[in-house]
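Trainee: In this note's numbering, the protein residues as written are 229 to 367.
Backbone N, C-alpha and C define an ideal beta-carbon position, used for all residues, glycine too.
Please read all numbers here as calculations on a predicted model, not as lab measurements.
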């Protein structure tokens, strides 16, 4: 009987281990989790991204017809295309309000922004933007 009980305990352990693996294996990966929460992170405070894989600067120009904008930062200028996949968020942290989704119309010259280029390294001068955060400092 003891031997059967031992096998039963081992079997329960294996079943529990497989069940936990299925649950833990289905959780979002770290990049996916960061993407889901990125909207809520203020400009310049994205761990591992801000300043390394993003550009923080002032919007120099916005071209509504071509859906492009130019951002000036200390290393030069970045030109990005806003596509249907580009996410735009309004960073309202200075107003102590939650961030909300924005639109192309919220991109105004002079605004402080953080841009994450999509599919091209930070040093490249142009390409599509994965996301753009726009600082909102007054209602």
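(1) With DSSP run on the structure shown, which of helix, strand or coil describes residue 344?
(2) Judging by CA-CA distance, which residue of 361, 269, 271, 280 is the nearest neighbour of residue 303?
(3) Sorted by chain position, which residues of the same chain lie with C-beta nearer than 7 Å to residue 340's C-beta, five sequence neighbours on each side aside?
(4) Under a Cβ-count criterion, where at least 16 other Cβ atoms within 10 Å of its own Cβ denotes burial, should residue 327 be classed as buried or exposed?
(5) So residue 332 packs on residue 308, CB below 8 Å; how close in whole Å?
(6) Kindly indicate which residue of 267, 269, 283 has the alpha-carbon position closest to the one of residue 343.
(7) Between which residues of its own chain and residue 269 is the CB-CB distance below 6 Å, once the five residues before and five after are set aside?
Mentor: Concretely, from the data shown:
(1) strand
(2) 280
(3) 271, 286, 363
(4) buried
(5) Contact doesn't hold; Cβ gap of about 12 Å is too wide.
(6) 283
(7) none
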